[in-house]
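The structure under discussion appears below in the form of structure tokens.
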Amino acid sequence: MEKKLQNLLKIINRYRSAVIAFSGGTDSTFLASIAGEVLPKRVLLVTASSLSYPRTELQQAKSLARRLGLPHRVIVSEETAIAGFSDNPPDRCYLCKRGLFSKVSAVARKKGYAAVFDGSNADDVKDYRPGRKALNELGVISPLSEAKLTKKEIRLLSAGRGLATADKPSAACLASRFPYGERITERKLRRVDRAETALRKLGFRQFRVRSHGDCARIEINQAELEKAWKMRTVISKACKKSGFVFVAIDADGYRTGAMNEALGL
Numbered sequence: 009m010e011k012k013l014q015n016l017l018k019i020i021n022r023y024r025s026a027v028i029a030f031s032g033g034t035d036s037t038f039l040a041s042i043a044g045e046v047l048p049k050r051v052l053l054v055t056a057s058s059l060s061y062p063r064t065e066l067q068q069a070k071s072l073a074r075r076l077g078l079p080h081r082v083i084v085s086e087e088t089a090i091a092g093f094s095d096n097p098p099d100r101c102y103l104c105k106r107g108l109f110s111k112v113s114a115v116a117r118k119k120g121y122a123a124v125f126d127g128s129n130a131d132d133v134k135d136y137r138p139g140r141k142a143l144n145e146l147g148v149i150s151p152l153s154e155a156k157l158t159k160k161e162i163r164l165l166s167a168g169r170g171l172a173t174a175d176k177p178s179a180a181c182l183a184s185r186f187p188y189g190e191r192i193t194e195r196k197l198r199r200v201d202r203a204e205t206a207l208r209k210l211g212f213r214q215f216r217v218r219s220h221g222d223c224a225r226i227e228i229n230q231a232e233l234e235k236a237w238k239m240r241t242v243i244s245k246a247c248k249k250s251g252f253v254f255v256a257i258d259a260d261g262y263r264t265g266a267m268n269e270a271l272g273l
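Using my numbering, the letters of the sequence shown map in sequence onto residues 9 to 273.
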């Protein structure tokens, strides 16, 4: 792990300055922390605000940027305005990343930064991620992935640096809550956001509210499933208040890329 960290420093040091796509998650926060030291006063954090980015995440990203002492800019990247995105095809992530990183790259060019970094890690290449194609097309650099750092290693290194995001649950854009082919609308995105905010307030840490029409299929981490079952009436009420008609707790629990299961991947 120490060798990987040293390799990461070398990768970042290849560039005289960088814009970092900053979500405020474990990966991008760790990358920002390291890059801020390797490239002092030559790093800009950029966060894209949109309907698919949970409101609580945006506020946390702003707070983390202040704690890191790095300049931070919030831009608007509304995916629903991208042609084809709302139809939710299997390559939706490509359309989204292409639109988002085109805007981030434009900020980098305008401000004179040499590179654009994203927080993809070595584990991300194992899942179906069409967004990687967009990053490659736009020349976005993924230092953590290039250094072969895994999520577990990034968490350990983050803890060693005292970063508050060391044990932060994994997050993903709200568009990932919909089965491919189900149309994504502003109303549906807001409904999912409200439901997940409600579950977070109930004390759950790692979960997803998957939207299947008017049904909320809730994936909750195995360690919290028993608690969720005991609180099923409260959970159902919260999700219905958010706009869903039916509520189901998934017996298989939380797992990343669950919607890709329908693609046979």
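Just so you know, even glycine gets a beta-carbon here, dropped at the ideal spot from N, CA and C.
- By the Cβ test, the region 81 to 93 is in contact with the region 102 to 115, since at least three Cβ pairs between them sit closer than 8 Å.
- Taking the Cα of Ile228 as reference, the smallest distance to any Cα among Arg198, Asp260, Gly251, Phe252 is reached at Asp260.
- Boundaries of the alpha helix (DSSP H) harbouring Val200: 194 to 209, taken from the DSSP string.
- In the displayed model, Phe186 falls within coil according to three-state DSSP, outside both helix and strand.
- Per DSSP, reduced to three states, the secondary structure at Phe109 is helical.
- In the structure shown, the three-state DSSP call for Arg216 is strand.
- For Ser60, the CB contacts under 7 Å within the same chain, skipping 5 residues up- and downstream, are Glu87, Cys181, Leu182, Ala183, Leu197 in chain order.
- Looking at the DSSP output, Ala224 bridges to Ser219, Val255.
- Beta-bridge pairing by DSSP links Thr173 to no other residue.
- Per DSSP, the continuous alpha helix (DSSP H) segment holding Leu233 begins and ends at 230 to 238.
- Rounded to whole angstroms, the Cβ separation of Leu171 and Thr64 is 18 Å, and the two are not in contact under 8 Å.
- Secondary structure note for Ala43: its alpha helix (DSSP H) is the uninterrupted segment 34 to 46.
- Cα atoms of Pro177 and Gly33: separation of roughly 8 Å, rounded to the nearest angstrom.
- The C-beta distance from Leu53 to Phe30 rounds to 4 Å, short enough to fall under 8 Å.
- Just so you know, the alpha carbons of Asp95 and Gly189 end up roughly 6 Å apart.
- Around the C-beta of Val133, fewer than 16 other C-beta atoms lie within 10 Å, and the residue is accordingly described as exposed.
- Distance check between Asp201 and each of Ile257, Ser71, Ser58, Phe254 places Ser58 closest, using alpha-carbon atoms only.
- In the three-state scheme derived from DSSP, where H, G and I count as helix and E and B as strand, Ala56 is classed as strand.
- Within the same chain, Val255 come within 6 Å of Ser244 by CB-CB distance, once the 5 residues on both sides are set aside.
- With respect to Ile42, Ile20 sits close: the two C-beta atoms are nearer than 8 Å.
- By the criterion of a C-beta distance shorter than 7 Å, His220 is surrounded in its chain by Pro187, once the five residues flanking it on both sides are discounted.
- The three-state reading of DSSP puts Arg137 in coil, since its state is none of H, G, I, E or B.
- In the DSSP assignment, the residues bridged to Phe125 are Ile28, Ile149.
- Contact between the region 203 to 215 and the region 68 to 75 is not established, with fewer than three Cβ pairs separated by less than 8 Å.
- In this structure, the alpha-carbon of Lys141 lies about 18 Å from that of Ala91.
- Between Ile226 and Asp175, the gap from beta carbon to beta carbon reaches 8 Å or more.
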